[in-house]
Amino acid sequence: MTSVRGRIVAPAVQRVVQLVRGRADELVPELAGRISEQESAYRPGVLLTAEEVAAMCRGALANAASFLADDSASALAEVRAGARLRADQGVPVTAALHALRIGGQFVSTAVMATETRQTVLADASSRVWSAVEALSQAVTDAYDRLEPHRMRQDSRAHAEALDALFHGGPGCAPEVAAELRLPLDGTFVVVAGENERGWPPLCGLEDRLLTRGVMSVWQRSHAAEHGVVVLGPRFDLGQLCAELADRATTRIGVSEIFHDLDGARAALAEASVARSAGRPGSTDVVRHDQALVPLLIASAPAAARRLAGAVLGRILSLAHRERETLLTTLQAWLDNDGSPAAAAMLLHCHRNTVGYRLRRVAELTDRNLGRPADVTQLQLALDIVEVLGMRDQLN
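In this text, residue positions in the sequence shown follow my numbering: the first is 1374, and each later residue adds one.
Encoded structure:
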């Protein structure tokens, strides 16, 4: 047995304590990098800065050494204080516990690299993991005691900050960013969904994004859900839209990218219009920067409806079967660059049948299918029928 600060300790403990305390400056950056890589909540810029992650690692190593050196009361007090700080910074308890276990594995590996005595290695590993379990329990206790109080205290301030973010005037961004733990400047988009059938439009998305190292904040009501998502080099707009398409239960709108948090209010308007451009009842994900015609229709639905009626009114008044046959044939012909043969293959019918139906469309709409201006009107009218869900409103 040897002593650490006057206390008699086992050789294994002596080895770990000497390693952690003697090589702290070397170990801290390596441990911070390991945790940031393996636990997305600790990636710099998500919830903490790189400096905060490094300071956390330095404190964690010091606490582990103190605990092993039989100064457990002091170490546990420091761990609880650190856990409260992590909770205030928005770090989930699962992430905090994961970071602890990463640290335990890191220290065990570091000991193995410098110690050859098998008995010391086995004892050191056992003691390190016993320390991890005790420190993990201290973290869990701190979160459990803090959560009810923090939820009561923070819920009102959080709700007020969200309201200011999406509906407040300019100049409130610094206070909002501080409360919601968002950067003032960055690469942002707003996502908007609606509870069309009483289901959450983006169930589990916030947690899923956090596991990818992506920060987001959300405002929810019985009718709608919208949020700001912070994009970055590891997660761009295309990846976000793919994630949205995977999880959407109703149509979703996505704003254009903006770089100042004060732009969230205007971006919400863009996302809401984009959402309206999706087909009713669908799970379409519509980007404001890519669906210009549907956006134009959604922004002036009354005028669009009148235009569709003026062009396709006589077809829309037909019985269901004939109406759907003509509209489907017209769309297939347009989608295939005006080729009756290609449309016939798509519709599984003879090209002469397509020709007959198109002549019927021309007759009912009073449009010449060989005239580009008339074809453009027909395409726009079909887009209006689709975007506004006009087929579903007919008998």
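Heads up, the beta-carbon is just placed ideally off N, CA and C, and yes, glycines get one too.
Distance, Cα to Cα, residue i vs residue j?
i: Leu1392; j: Ala1450; result: 23 Å
i: Gly1626; j: Leu1731; result: 35 Å
i: Ser1481; j: Ala1495; result: 10 Å
i: Glu1399; j: Val1484; result: 14 Å
i: Arg1638; j: Leu1761; result: 25 Å
i: Asn1436; j: Tyr1415; result: 19 Å
i: Ala1705; j: Leu1719; result: 7 Å
i: Ile1431; j: Phe1608; result: A small fix is needed here, since residue 1431 is Arg in this sequence, not Ile. Rounded to the nearest angstrom, the two C-alpha atoms are 29 Å apart.
i: Asn1725; j: Gln1750; result: 24 Å
i: Gly1605; j: Leu1669; result: 30 Å
i: Val1549; j: Leu1753; result: 42 Å
i: Gln1526; j: Met1429; result: With a pLDDT of 48 at Gln1526, under the threshold of 50, the predicted position of this residue should be treated as unreliable, though the coordinate-derived value follows. When rounded, the distance between both Cα atoms is 25 Å.
i: Gly1636; j: Ser1672; result: 20 Å
i: Pro1737; j: Gly1728; result: Correcting the residue identity first, residue 1737 is Leu in this sequence and not Pro. Each residue's Cα considered, the two are about 14 Å apart.
i: Ala1448; j: Ala1427; result: 18 Å
i: His1632; j: Leu1404; result: 32 Å
i: Gly1455; j: Ser1498; result: 24 Å
i: Arg1453; j: Ala1468; result: 15 Å
i: Leu1538; j: Arg1620; result: 25 Å
i: Arg1652; j: Gln1663; result: 15 Å
i: Asn1741; j: Ala1692; result: 23 Å
i: Val1659; j: Ala1714; result: 32 Å
i: Leu1535; j: Trp1591; result: 8 Å
i: Pro1547; j: Arg1407; result: 32 Å
i: Thr1560; j: Leu1707; result: 38 Å
i: Leu1703; j: Gln1462; result: 57 Å
i: Asn1709; j: Ala1717; result: 10 Å
i: Val1587; j: Leu1610; result: 12 Å
i: Gln1387; j: Thr1513; result: 28 Å
i: Val1646; j: Val1419; result: 29 Å
i: Cys1545; j: Ala1532; result: 14 Å
i: Leu1641; j: Arg1733; result: 43 Å
i: Glu1425; j: Pro1402; result: 12 Å
i: Leu1582; j: Ala1618; result: 14 Å
Taking residue i as part of the beta strand (DSSP E), name the residues at either end of that continuous run.
i: Gly1566; result: Asp1558 to Glu1567
i: Ser1589; result: Ser1589 to Arg1593
Which one of the options has the shortest CA to CA distance from residue i?
i: Ala1438; options: Ala1456, Ala1754, Ala1454 and Gly1476; result: Gly1476
i: Ala1442; options: Arg1453, Val1390 and Ala1483; result: Val1390
i: Ser1690; options: Ala1673, Arg1652, Met1763 and Ala1507; result: Met1763
i: Leu1458; options: Leu1421, His1471 and Ala1435; result: Leu1421
i: Leu1473; options: Val1734, Ala1507 and Leu1519; result: Ala1507
i: His1661; options: Arg1500, Asp1536, Leu1617 and Val1563; result: Val1563
i: Thr1622; options: Leu1578, Arg1679 and Val1684; result: Leu1578
i: Asp1580; options: Glu1616, Asn1568, Ser1594 and Gly1559; result: Glu1616
i: Leu1665; options: Leu1699, Pro1674, Ala1650 and Val1658; result: Ala1650
i: Val1466; options: Glu1736, Gln1752, Gln1510 and Leu1641; result: Gln1510
i: Asn1826; options: Glu1403, His1599 and Pro1547; result: The shown model of the chain, from 1374 to 1768, leaves out residue 1826, and the question about it has no answer.
i: Ile1757; options: Asp1708, Pro1674, Gly1711 and Gly1418; result: Pro1674
i: Val1501; options: Leu1555, Ala1515 and Gln1478; result: Gln1478
i: Ser1445; options: Ala1746, Arg1733 and Val1505; result: Val1505
i: Ser1413; options: Asn1709, Leu1470 and Val1401; result: Leu1470
i: Leu1685; options: Gly1395, Pro1667, Ala1735 and Leu1583; result: Ala1735
i: Arg1585; options: Gly1395, Glu1410, Thr1698 and Pro1402; result: Glu1410
i: Gly1743; options: Ser1712, Glu1759, Ala1618 and Ala1515; result: Ser1712
i: Ala1597; options: Leu1557, Leu1583, Arg1648 and Ile1630; result: Arg1648
Which whole-angstrom value is the C-beta distance of residue i and residue j, which I expect to be below 8 Å?
i: Leu1575; j: Gly1566; result: 5 Å
i: Glu1643; j: Ser1655; result: Rounded, the Cβ-Cβ distance is 19 Å, inconsistent with contact.
i: Ile1688; j: Arg1696; result: 6 Å
i: Ser1589; j: Val1602; result: 4 Å
i: Ala1397; j: Leu1434; result: 6 Å
i: Leu1755; j: Leu1700; result: 7 Å
i: Ala1613; j: Leu1555; result: One detail in the question is off: residue 1613 reads as Leu in this sequence, not Ala. That pair is no contact at about 16 Å.
i: Leu1519; j: Ala1423; result: In fact, because the Cβ distance is near 25 Å, the residues do not count as touching under 8 Å.
i: Arg1624; j: Asp1657; result: 5 Å
So the alpha helix (DSSP H) residue i belongs to, where does it begin and stop?
i: Arg1457; result: Ser1445 to Asp1461
i: Leu1420; result: Counting along the chain, Leu1420 falls outside any alpha helix (DSSP H), and DSSP gives it neither H nor E.
i: Pro1547; result: Ala1546 to Leu1553
i: Pro1465; result: Where Pro1465 is concerned, there is no enclosing alpha helix (DSSP H), given that its DSSP letter is neither H nor E.
i: Asn1725; result: Arg1724 to Thr1738
i: Glu1697; result: His1693 to Asp1708
i: Leu1579; result: In the sequence on display, residue 1579 carries Glu and not Leu. Where Glu1579 is concerned, the enclosing alpha helix (DSSP H) stretches over Leu1578 to Thr1584.
i: Glu1410; result: Ala1397 to Gln1411
i: Pro1713; result: Pro1713 to Leu1720
i: Leu1846; result: Given that the chain is displayed from residue 1374 to residue 1768, the structure contains no residue 1846 and the question cannot be resolved.
**Item:** Those runs of the beta strand (DSSP E) which lie wholly inside the region 1595 to 1678 and span at least 3 residues
**Value:** 1597 to 1604, 1625 to 1627, 1631 to 1633 and 1658 to 1660
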